[in-house]
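One structure below.
In the working numbering, the protein residues as written are 3 to 91.
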């Protein structure tokens, strides 16, 4: 089941992905740090993406956008994350 969300956090963001390093990809989405857990071959629907839209500061919590267990491609998940963040092309 696909889970899509946007939430607040304080302190260090903790994203629990337990996979081999070759299935993790670090990159940027709309200039924001992101990490993807690439799907295991033969197991569609296991792509996970997390984007840190904002890091916490003294007066504001951080914002994390997450798309978990999706059948979307990485490109489609990135596009969805940018729409959730309100980034316009």
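Glycine included, each C-beta is placed from N, C-alpha and C at the ideal position.
By a beta-carbon distance limit of 8 Å, residue 11 contacts residue 58. Their separation comes to about 7 Å.
Closest in C-alpha terms to residue 43, from the list 35, 68, 73, 61, comes 73. Per DSSP, residue 81 lies in no beta strand (DSSP E) segment; the continuous alpha helix (DSSP H) that holds it begins and ends at 76–87. Linking residue 86 to residue 8 through their CA atoms gives a straight-line distance of about 8 Å. In the assembly as shown, residue 39 is a buried residue. Its beta-carbon has 16 or more other beta-carbons within 10 Å. Here residue 4 really is in contact with residue 71; their C-beta atoms are around 6 Å apart, less than 8 Å.
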